[in-house]
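Numbering (our numbering), first residue to last: 451 to 900.
1. Taking the alpha carbon of residue 579 as the reference point, which residue from 558, 760, 613, 550 has its own alpha carbon closest?
2. For the alpha helix (DSSP H) that residue 623 lies in, which residues bound it at each end?
3. Only counting the same chain, and skipping five residues up and downstream in sequence, which positions put a Cβ closer than 7 Å to that of residue 467?
4. Can you grab the Cα-Cα spacing for the pair residue 835 / residue 651, in whole Å?
5. Compare the Cα-Cα distances from residue 446 to each of 574, 589, 549 and report the closest residue.
6. In this structure, how does DSSP classify residue 682 when only helix, strand and coil are distinguished?
7. Do residue 738 and residue 777 have their CB atoms nearer than 9 Å?
8. How is residue 820 classed by DSSP in three states: helix, strand or coil?
9. Among 763, 821, 730, which has the Cα closest to the Cα of residue 782?
10. Between the Cα of residue 792 and the Cα atoms of 828, 763, 762, 757, which residue gives the shortest distance?
11. Are the CB atoms of residue 561 and residue 622 within a distance shorter than 9 Å?
12. Are there three or more Cβ pairs, one per stretch, closer than 8 Å when the stretch 872–891 is compared with the stretch 520–535?
13. Between the alpha carbons of residue 787 and residue 727, how many angstroms are there, rounded?
14. Beta strand (DSSP E) containing residue 718: first to last residue?
15. Secondary structure at residue 889, three-state DSSP: helix, strand or coil?
16. Let me know the secondary structure DSSP gives residue 590 once reduced to three states.
17. Exposed or buried, which one is residue 849 when buried takes at least 16 other CB atoms within 10 Å?
18. With respect to the beta strand (DSSP E) encompassing residue 698, which residues constitute its N-terminal and C-terminal limits?
19. Tell me which same chain residues have a C-beta within less than 7 Å of the C-beta of residue 742, skipping the five on either side of it?
20. Could you compute how far the alpha carbon of residue 847 sits from the alpha carbon of residue 769?
21. For my contact list, residue 649 and residue 806 are in at a C-beta cut-off of 8 Å; report their separation, rounded to the angstrom.
22. What is the C-beta distance between residue 458 and residue 890, in whole angstroms, given that I count them as a contact (C-beta under 8 Å)?
23. If we count the other Cβ atoms within 10 Å of its Cβ and call it buried at 16 or more, is residue 878 buried or exposed?
24. At the level of alpha carbons, what is the spacing between residue 540 and residue 530?
25. What residue range does the alpha helix (DSSP H) around residue 490 cover?
26. Strictly under 9 Å for the Cβ-Cβ distance: is residue 523 near chain B by that measure?
27. Pull up the distance between the alpha-carbon of residue 660 and that of residue 485, whole angstroms please.
28. Let me know the secondary structure DSSP gives residue 660 once reduced to three states.
29. Return the residue from the list 817, 818, 870 that minimises the CA-CA distance to residue 843.
30. From the DSSP output, read off the bridge partner residues of residue 806.
31. Using only the alpha-carbon positions, how far apart do residue 565 and residue 736 sit?
32. What would DSSP say about residue 756, mapped onto helix, strand or coil?
33. Please return the same chain residues whose Cβ sits closer than 6 Å to the Cβ of residue 572, not counting the five positions on each side in sequence.
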C-alpha cells in the first residue's frame, strides 16, 4: 500500500490530486476544532463516559470528536450517509426513483440533487435536537455583561447555533464532492476516515490513564494492553482478506457469426464479493442499538428500580445480551442490504441477453434461482465474518472487565466501538489504494499507446 502511494506521488497529476485531498482534509479538521457561537463547552466535552455505547458516542466516533465539543462540523457527514441510505431504500419502494436509477448519468444527477436536499433536511433536524440538548445541559452562554439571553435574544441565539450546525453539514458535503471531482478516493469515505483517525491518539492514551491503566495497577494490564495492539494487527489482516474474497460464478458465452467474423465463445466469470454489504450492516446495527442508551440518558432518574431499567441495561455494551442482539442485527441488515444491491432476476436477464449462460444451469428462472441461492450463502458467510470483526472487541472488553474484576482490578479495557472503526478505516484505505492503482494503470497504458 505504501509503495502504491510512493509511486503515485511520482506522477505529477496524481500528486496534485493527493495534495488537494490533503488540503480538504485539513479544512475539515480545522472546522472540527472551531466552536459555534454562544456555546460554552469545556475541555471535557459533553459526553461523560467516552467508552459508553450510546448514540452520542457513536456520533462522536463518526465526527472525530467534533460532536463532543459542539464545533462547526459537529454533525459531520452522518446526515449525508443517512440521506444516501434513505434514498437507496426509497428507490426500492418508489417506482419513480427506480426509473431514475436506470436513466444513466442524468438520472444519477437528479438522485444526487435530491440526496443533497434530504441531507440538509436531516442536518437541520439533528442540529435542532442537538441545540435543545446543549440548552438543557447548560452548555450555552446565557448572559453577556450581565444581560441574560431571553425573549428575542434567545430566539436569535437558537437560530445562529442551528444555522451554524446545518451550514457545517452542507459545507462538509460540498467538501466531499470536491474530493470526488478533483481528489483521490471517495470524498465522503475520506472525511469519515479522517475523523476516525483523529480519535486514535485519544483512544490509545485512554488505555494508559493513571486511574485505569497499568501505571497505577500493574499486573494484568502489562498483558492486556499490548494484547490490544496485537489483536488490532490481526483484525486488520483479517479484514483485508475478507474484503478481497469473492465467489466467482462461471459464465459461458455462445459463439456468434457476424459476416465473416466470429464473436463470443469465451468463458468468463461473474464475481460476487463475500463482504458485499461492506460496513453498512455494522453501521445500521450500531445506530439502532445506540438509541435505547441515548433515551435512557434523558429518563434515567425516572426508571430506577423498574423493569425499564433492566430493559435498557440489555443495550449496554457491557451486558452479555448486547453482543447477541448486535449479532442478530448484523445478520438481518446484511441480508436486507444484499437484497437491495443484487437482483438475481435482473442478473439472469442480463446474462441471457448477452448470449451467455452458466454451465449446467438452464437460462431464465433456473439461472435466477441458482444466483439467488449463491447470493444467500455468500451473504450469510460475509455477515458471519463481519460479525466476528464487529463483536470481538465487545467480547474482549467484557471478558477483560470480568477477569480484571475477579483479580481485584476495578476497571477493564473498553474497546467496544473498535470493530466498527477498524472496518471503516481498512475499507476506505483499500478503496483508495485500488483507485490509485487503477489511475496509474490507465496512465501506463496511455503512455504505452503514445
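Cβ atoms here follow ideal geometry from the backbone N, Cα and C, with glycine treated the same way.
Short version:
1. Minimum Cα distance to residue 579 is reached at 613.
2. Following the DSSP letters along the chain, one finds residue 623 inside the alpha helix (DSSP H) bounded by residues 602–632.
3. Cβ within range, chain order: 632, 633, 634.
4. The straight-line gap from Cα to Cα measures roughly 27 Å.
5. Summary: the structure shown does not reach residue 446, with the chain confined to residues 451 through 900, and so no result is reported for it.
6. Of the three classes helix, strand and coil, the one that applies to residue 682 here is helix, per DSSP.
7. Between residue 738 and residue 777, the CB-CB gap reaches or exceeds 9 Å.
8. Three-state result, residue 820: helix.
9. Of the candidates 763, 821, 730, the one whose C-alpha sits nearest the C-alpha of residue 782 is 730.
10. Between residue 792 and the set 828, 763, 762, 757, the nearest pair of CA atoms involves 828.
11. Contact: no.
12. Verdict: no, contact absent.
13. Going from the Cα of residue 787 to the Cα of residue 727 covers about 6 Å.
14. Run containing residue 718: 717–723, per the beta strand (DSSP E) assignment.
15. Helix at residue 889.
16. Three-state result, residue 590: strand.
17. Its Cβ having fewer than 16 others within 10 Å, residue 849 is exposed.
18. First-last of the beta strand (DSSP E) with residue 698: 696–703.
19. Taken in chain order, the residues that qualify are 762, 765.
20. Between residue 847 and residue 769, the C-alpha separation is close to 10 Å.
21. About 48 Å separates the beta carbons of residue 649 and residue 806, which is beyond the 8 Å limit, so they are not a contact pair.
22. About 6 Å separates the two Cβ atoms, so the contact holds.
23. A buried status is given to residue 878, since no fewer than 16 other beta-carbon atoms sit within 10 Å of its beta-carbon.
24. Going by the C-alpha atoms only, they are around 15 Å apart.
25. It is not in any alpha helix (DSSP H) - residue 490 carries neither H nor E in the DSSP assignment.
26. No chain B is present in this structure, which holds just one protein chain.
27. Any reading at residue 660 is ruled out, since the residue's pLDDT is 44, under 50, leaving its predicted position unreliable.
28. Because residue 660 carries a pLDDT of 44, less than 50, the predicted location of this residue cannot be relied on, and no value is offered for it.
29. Nearest C-alpha to residue 843: 870.
30. 703.
31. About 23 Å.
32. Reduced to three states, the DSSP call for residue 756 is coil.
33. Cβ neighbours of residue 572 beyond the five flanking positions: 529, 532, 533.
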